[in-house]
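Right, one structure below, let's go through it.
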Amino acid sequence: MTAQALAVTNVRAPGRDGACDLLVEGGQVRELSPHDPKAEHAAFRRIDGRGLLLMPSLTDAHAHLREPGQEWKEDIASGLAAAAAGGFSNILCMANTDPVNDNEAVTRLMLRRAKQAWPHGPRLFPIGALTVGLKGRELAPMAELREAGCVAFSNDGEPVADTEIFRRAMEYAADLAPVIDHCEDPFMAKGAGANEGAMSARLGLRGQPDAAEAIQVARDILLAEYLNVPIHLAHVSCRRAVELISAAKKRGAPVTAETCPHYLLMTDAALLGYDTMAKVNPPLRTDADRLALIDALRAGVIDILATDHAPHAAHEKETPFEDAKNGISGLDTALAALWELVRQGRLTPEDIVTRFAWRPAEIFGLPVNRFTPGDPADFLLFDPEDSWVVTPTSLRSKGKNTPLLGQPLTGRVVLTAVGGVVVHDITSATGA
Ligand code: DOR
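Residue numbers (our numbering): 433 to 864.
What follows is the structure, given as structure tokens:
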């Protein structure tokens with residue numbers, strides 16, 4: 433597989449009127465222009481995009497790829513396979529591996545594994561630990577991690593409880609790379625796998641109040657403003673947090689935020705029947721939270737979408753609810769699942785391009801394709817009419833843990849290209 437000259441003809445593209453032709457050369461966009469049915473594009477490999485939607489491929493700022501150390505859940509090769517199938521060209525992977533990515537040897541190993549398995553991409557960008565071993569006591573060697581290739585720092589999964597240490601970590605990271613924080617008061621949230629409310633009461637589950645998230649969001653906003661150091665808030669799940677972020681942004685606070693497809697599509701009603709597939713941290717919340725998040729995403733209060741791809745093995749989910757691991761496998765299905773919101777008129781294709789491709793690349797300083805000449809030819813083709821059912825074998829990820837199992841989705845990524853190299857292609861299978 434090398435970067436070929438490609439002519440992707442007769443596609444529709446969000447924000448453009450009429451059908452378009454995309455020409456790619458040397459791994460870069462040559463032009464995106466109105467469709468010319470007479471053009472022969474003789475020197476180009478032609479891809480007939482009739483009926484398909486062309487978008488820049490996606491950047492996921494939040495994935496758990498489990499290598500090193502937990503390869504029974506996922507490894508870098510399988511995680512990037514899921515990324516390619518899901519339409520992603522850039523994946524930021526979290527530091528809660530075993531050993532933790534808190535030193536350059538782990539970062540370099542991750543980068544090496546990615547290059548071996550997927551030499552042309554999807555590209556892997558490690559996120560370094562904020563504290564040694566994610567223990568929240570000692571700062572990780574962030575300069576060393578940055579030098580080795582980390583593009584952000586986070587204690588995701590193990591939020592830093594000690595605000596003085598968190599403050600020092602933000603100051604230290606300021607000249608290096610953005611800090612991503614998993615916002616959760618670790619004491620209030622401890623051991624709770626459900627949102628605290630009517631549903632947790634009904635099911636008899638220990639609940640995690642939305643205030644546990646919002647308290648930490650407030651702390652982080654105050655620190656970001658006080659220190660004038662940016663902070664990125666991971667997987668925001670509730671209205672209370674949205675309100676704090678909205679007010680902070682109005683004051684000009686250096687804050688960005690993400691939410692995930694599952695918080696826009698599901699509520700804690702998914703826990704009825706004690707379905708461990710829907711157990712995730714932060715937990716699925718109420719419909720009012722869900723609708724507030726959709727509005728916030730459209731308004732840009734929430735800057736980006738991210739998957740929080742958290743693959744687990746079957747035996748880690750086929751347990752009593754309280755014992756099951758938190759997390760949803762999301763790379764394979766993210767775009768197709770979100771398409772339901774486009775079909776409902778709640779999101780537009782432009783929202784998806786802005787929030788899942790352009791903004792995350794901007795925030796983390798990664799390659800970005802706006803289809804202007806010379807941009808990296810990172811793109812996907814999406815068939816908005818293709819209906820399919822999510823089954824374990826339809827997922828490239830080793831993690832089959834998604835509440836979407838057995839559900840029909842309409843819309844499917846049929847081709848992904850990274851730097852002009854096609855890394856996923858089922859166009860012929862779908863008759864395009
Ligand atoms: O649901 C989650 N799973 N939330 C996290 O913060 C961590 C993640 C994981 O690593 O499984």
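We put the CB at the ideal spot given by N, CA and C, even for glycine.
Close Cβ partners of residue i (< 6 Å) along its chain, the five nearest in sequence each way excluded
i           : result
residue 612 : 584, 586, 664, 666
residue 543 : 581
residue 460 : 806, 809
residue 756 : 708, 711, 749
residue 686 : 656, 662
residue 768 : 841, 843, 844
residue 706 : 753
residue 507 : 499
residue 473 : 439
Residue i versus residue j: straight-line alpha-carbon distance, rounded
i           : j           : result
residue 863 : residue 753 : Bear in mind that a pLDDT of 39 at residue 863, under 50, signals an unreliable position, so the number given afterwards is only what the model happens to contain. Taking the straight line from one Cα to the other gives about 42 Å.
residue 816 : residue 443 : 12 Å
residue 647 : residue 799 : 34 Å
residue 858 : residue 564 : 43 Å
residue 614 : residue 649 : 9 Å
residue 875 : residue 467 : For the chain, the structure presents residues 433 to 864; residue 875 sits outside this window and is missing.
residue 579 : residue 556 : 15 Å
residue 704 : residue 851 : 44 Å
residue 642 : residue 624 : 12 Å
residue 715 : residue 541 : 32 Å
residue 509 : residue 549 : 5 Å
residue 779 : residue 537 : 42 Å
residue 634 : residue 700 : 11 Å
residue 628 : residue 607 : 38 Å
Contacting residues, own chain, Cβ-Cβ under 8 Å from residue i (five flanking each side not counted)
i           : result
residue 785 : 446, 447, 487, 488
residue 502 : 529, 530
residue 494 : 524, 526, 588, 612, 666, 667, 690, 692, 738, 739, 740, 741
residue 559 : 524, 525, 526, 527, 533, 582, 583, 584, 585, 586, 588, 612
Three-state class that DSSP yields for residue i in the structure shown
i           : result
residue 841 : strand
residue 631 : helix
residue 836 : coil
residue 565 : helix
residue 858 : coil
residue 776 : coil
residue 513 : helix
residue 439 : strand
residue 654 : helix
residue 788 : helix
residue 863 : Unreliable placement is indicated for residue 863, whose pLDDT of 39 sits below 50; no coordinate value is reported for it.
residue 649 : helix
residue 448 : coil
Residue i burial status per 10 Å Cβ neighbour count (16 or more: buried)
i           : result
residue 674 : buried
residue 640 : buried
residue 504 : exposed
residue 819 : exposed
residue 855 : buried
residue 551 : exposed
residue 469 : exposed
residue 439 : buried
residue 832 : buried
Beta-ladder partner(s) of residue i, from DSSP
i           : result
residue 489 : DSSP, once it has assigned bridges, lists no residue as partnering residue 489.
residue 820 : 841
residue 521 : Paired residue(s): none; residue 521 is not in a bridge.
residue 640 : 627
residue 559 : 584
Neighbourhood of residue i by C-beta, 7 Å cutoff - its chain only, sequence neighbours within 5 removed
i           : result
residue 562 : 572, 585, 586, 587, 592, 601, 611
residue 604 : 571, 574
residue 463 : 455, 805
residue 435 : 458, 459, 851, 852, 853
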